[in-house]
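Student: Take a look at this one; I'll ask things after.
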Amino acid sequence: MKKILASLAIGALLLLHQDWWNWTTAAPLAFGFLPVGLWYHALFTLAAALLMAGLVRWCWPADLEQHE
Amino acid sequence: MIPALFVLAYLAIVLYIGIFAFRRSGGTAAEDFFLAGRSLGPWVFLLSLFGTHMTAFAILGSSGHAFNFGIVTYGLMASISALVVPVCLLFLGTRLWSVGKRFGLITPVQIFRDRWECGHIGTLIFFLQAALLIPYIIIGVMGGGTTLSVISGGFIPFWLGGLLVALVVMSYVFFGGMRGTAWVNTFQTVLFLGFGAIAVMLIGQGMGGFTSVTERLLNNPATASLLTREKFSLTAFFSYTFNPLSAIAFPHIAIFCLTARKVTQFKRTVIFYPICILLIWLPCVYLGVAANQATDIPAIEAKIEARAATGRPVPGDDVMLQLLNRYAPGWIAGLLGAGIMAAVMASDSQILALSTMFTEDIFAFYGGKARFGEHAQIFTGRLFVVLVTAFAYFTALNAKVAIFDLAVQYAFAGYAAMSPLFVAALCWRGSTKWGALAATLFISASTVALYFLPRGFTVAGFAPVVPMTLISAALVWGVSLLTPKPSAATIHRYFPSASV
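Quick mapping for you: the protein sequence lines, in order, are chains E and F.
Start counting the first sequence at 1; every next residue gets the next number (this note's numbering).
Start counting the second sequence at 1001; every next residue gets the next number (this note's numbering).
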């Protein structure tokens, strides 16, 4: 079950990365200067960090620790 | 000239760190030289791995690409790397570490040979990995030459800048091995992250504030599209999703995975990796775009005019350095220039990786270690470091292709197509050496073909990396299904919990 959820979460982020709806516009600007195509992907990067924290928490290959 | 002095002082410091690390290690064992004795702590592991992955491509190439193509650069390479690279480290890097630790293996080829019970197929994989790595090392030397030349206002010519960087890198890799390289990379990453933010703020202020810069870009018909992604097709954008798969197949990254003291050290690296990417790439991409408003810098104005006249992208790898020279005070420009130099000098780990591969996969495998001993093996590794550096330097002197294109065309596509080999070896007990051979031959042939095809070649709109990776995966899978498996004993060693 964990593997399925992890795969779905990774797949969802991969889909969100293809943000064609922001393709031809710069608006809205974040902080008055960052175009949407940039701040959207900055947020995407933070979301990736959160996902990694989740994967480390729930999908960590603990069996490998016996070789430490 | 002041910034160049800072950079030269920086080069002296990293040289000292490398030699200091060598003295501290004091050992002669191959594992100590090539893997720092598998003893790196959690923070050194994170910062050094990140520093190893971030190269001239990340700093100079990204801002140069953004200068021509706009904000698309961040999504193309940075945000997708923030997802794919940590996933690879979590699910493949930890397994590499475990296998290396359990069976005393140092290189990916050693793992392939052991896992698939093969010899010469491993040699073929070595040659492919080595051939793909050479352009990446050349990028580092080119970046070093560019950085020193621009930061010194042309006082230090490209050939001398490249020579200085090559000599410094060669020296601390020669003396310090993996431990020296790791500590230098850690220092470099901290330096860039620390002073990068200050320099970005100063450049922003110098250009009249970021809000003003964006407004001017939007109001200029020639630059407004740079704040969108309309210059890039959706299929091309999607193609770049495959490029970060190259990370785990890069020898310097795969070998670096073996240096951690404990597998739990991957946890911090996996979580903080995306944050580090954000901190480095976002400013580089934005400033690359913003450089289109820096028409008070003659070198940049000339680029803009040339681009307008020809309608084609222009070499932009120096735009970040031009901004730095123009808008940041000398000492800050020097410190960030040193930070940029840090990223540029990620070629150190690539040179070391190539040396490690040669001594382990060729010299030791074909009897050199048994015949001449471990001292001779390490001597051979050091000699190889000198030869590779010299080759990279002289090639860089004649290279004319922009850093970004050189990296993407050869190394990224080839290594991304190699990632299925790692998945098959570490995660699939049904994989065979024949599947690996089929994929390796295909990648070799397609990479050579890529060299002769026109730049910008696509397959149904997708960059070559997409079909190359998919066909490589299909070959590993399909051929493995049809060919005999390794012995049950080997499969059991790699997958102890699975029934054979």
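All C-beta atoms, glycine included, are put in the ideal place defined by N, C-alpha and C.
Bear in mind that the values here come from a model prediction, so they are computed numbers and not experimental data.
Applying a beta-carbon distance threshold of less than 7 Å, which residues of chain E neighbour Leu1502(F)?
Tutor: Absent from the structure is residue 1502(F), since the part of chain F shown begins at 1001 and ends at 1500.
Student: Ala67(E) lies in the alpha helix (DSSP H); which residues open and close that run?
Tutor: Per the sequence presented here, residue 67(E) reads as His, with Ala not at that position. Taken as a continuous stretch (DSSP letters only), His67(E) belongs to no alpha helix (DSSP H), as it is neither H nor E.
Student: Tell me which residues of the segment 1092–1118 of chain F have at least one Cβ-Cβ distance to chain E shorter than 8 Å, keeping chain order.
Tutor: Thr1094, Arg1095, Trp1097, Ser1098, Lys1101, Arg1102
Student: Which residues mark the beginning and the end of the alpha helix (DSSP H) in which Ile1443(F) is found?
Tutor: Element bounds for Ile1443(F): 1433–1452.
Student: Give the interface partners of Pro1274(F) over in chain E, defined as CB-CB distance under 8 Å, in chain order.
Tutor: Thr45, Leu46, Ala48, Ala49, Met52
Student: Between Thr1147(F) and Ile1340(F), how many whole angstroms is the CB-CB distance? I'm expecting something under 8 Å.
Tutor: 6 Å
Student: Cβ of Phe1195(F) within 9 Å of Cβ of Gly1018(F)?
Tutor: no
Student: Against Trp20(E), what residues of chain F qualify as contacts under a CB-to-CB distance less than 7 Å, listed in chain order?
Tutor: Contact annotation for Trp20(E) against chain F: Leu1234 [CB-CB distance below 7 Å, chain order].
Student: Would you call the CB atoms of Gly1381(F) and Phe1034(F) closer than 9 Å?
Tutor: Judged by their CB atoms, Gly1381(F) and Phe1034(F) are nearer to each other than the 9 Å cut-off.
Student: Answer with yes or no whether the minimum CB distance from Leu29(E) to chain F is below 9 Å.
Tutor: yes
Student: Would you mind telling me which residues of chain C sit closer than 8 Å to Ile10(E), beta carbon to beta carbon, in chain order?
Tutor: Among the chains of the structure shown, chain C does not appear; the protein chains present are E and F.
Student: Once the 5 residues before and after Trp1434(F) are set aside, which same chain residues still bring their CB inside 6 Å of it?
Tutor: Val1479, Thr1483
Student: Give me the residue from Gln1322(F), Ser1081(F), Val1270(F) with the minimum Cα distance to Ala1294(F).
Tutor: Among Gln1322(F), Ser1081(F), Val1270(F), the Cα nearest to that of Ala1294(F) is on Gln1322(F).
Student: Across which residues does DSSP place Phe1462(F) in a beta bridge pair?
Tutor: Val1459(F)
Student: Assuming the contact rule is C-beta atoms closer than 8 Å, Val1263(F) and Leu64(E) should be a hit. Round their C-beta distance to whole Å, please.
Tutor: 5 Å
Student: Please confirm if Ala1078(F) has its CB atom under 9 Å from at least one CB of chain E.
Tutor: Yes, contact with chain E.
Student: Looking at the structure shown, is Leu1008(F) part of a helix, part of a strand, or coil, going by DSSP?
Tutor: helix
Student: Starting from Ala1328(F), trace the alpha helix (DSSP H) in both directions and tell me its first and last residue.
Tutor: Counting along the chain, Ala1328(F) falls outside any alpha helix (DSSP H), and DSSP gives it neither H nor E.
Student: For Ala1294(F), does the three-state DSSP call read helix, strand or coil?
Tutor: coil
Student: From this set, Ser1048(F), Val1423(F), Gly1311(F), which residue's C-alpha is nearest Lys1231(F)'s C-alpha?
Tutor: The candidate whose alpha carbon is nearest that of Lys1231(F) is Gly1311(F).
Student: Using 8 Å as the cut-off, can you tell me whether the segment 1097–1111 of chain F makes contact with the segment 1072–1084 of chain F, which would need three or more C-beta pairs spanning the two stretches below that distance?
Tutor: no
Student: Taking Leu86(E) as the reference, give the member of Trp23(E), Val36(E), Cys59(E), Leu46(E) with the closest Cα.
Tutor: Nothing can be reported for residue 86(E): it is not among the residues displayed for chain E, which extend from 1 to 68.
Student: So, at 8 Å on beta carbons, what are the nonlocal neighbours of Val1044(F) in its own chain, with the 5 sequence-adjacent residues on each side left out?
Tutor: Ala1182, Trp1183, Thr1186
Student: Closest to Leu1202(F) by C-alpha separation, out of Ala1166(F), Gln1129(F), Pro1329(F), Pro1244(F), would be which residue?
Tutor: Pro1329(F)
Student: Go ahead and pull the three-state DSSP assignment for Ala1309(F).
Tutor: helix
Student: Got a sec? Which residues, its chain only, sit under 6 Å from Ala1424(F) by beta carbon, not counting five neighbours each side?
Tutor: Ser1431, Val1476
Student: Taking the CB atoms as reference points, tell me whether Trp23(E) and Arg1115(F) lie closer together than 9 Å.
Tutor: no
Student: Run through DSSP, which three-state label would Gly1026(F) get?
Tutor: With a pLDDT of 48 at Gly1026(F), under the threshold of 50, the modelled position of that residue is not reliable, and the figure given next carries that caveat. Correct three-state label for Gly1026(F): coil.
Student: Kindly identify the DSSP beta-bridge partner or partners of Ala6(E).
Tutor: Ala6(E) pairs with nothing; no bridge assigned.
Student: Pair every Cβ in the segment 1157–1164 of chain F with every Cβ in the segment 1124–1138 of chain F, then say whether three or more of these pairs are closer than 8 Å.
Tutor: no
Student: If we ignore side chains and look at the alpha-carbon of each, how far apart do Ser1062(F) and Leu1011(F) end up?
Tutor: 23 Å
Student: Determine the direct distance from the alpha carbon of Thr1052(F) to that of Ala1247(F), and round the result to whole angstroms.
Tutor: 10 Å
Student: Just by C-beta distance, which residues in the segment 1276–1303 of chain F are closer than 8 Å to chain E?
Tutor: Listed in sequence order: Ile1277, Leu1278, Leu1282, Val1285, Tyr1286.
Student: Taking the alpha-carbon of Asn1219(F) as reference, which of Asn1292(F), Phe1006(F), Ala1411(F) has the nearest alpha-carbon?
Tutor: Asn1292(F)
Student: Quick one: residues in its chain with C-beta nearer than 8 Å to the C-beta of Gly1288(F), no 5 flanking neighbours on either side, listed in chain order?
Tutor: Ser1062, Ser1063, Gly1064, His1065, Ala1066, Phe1067, Thr1073, Gly1316, Val1319, Met1320
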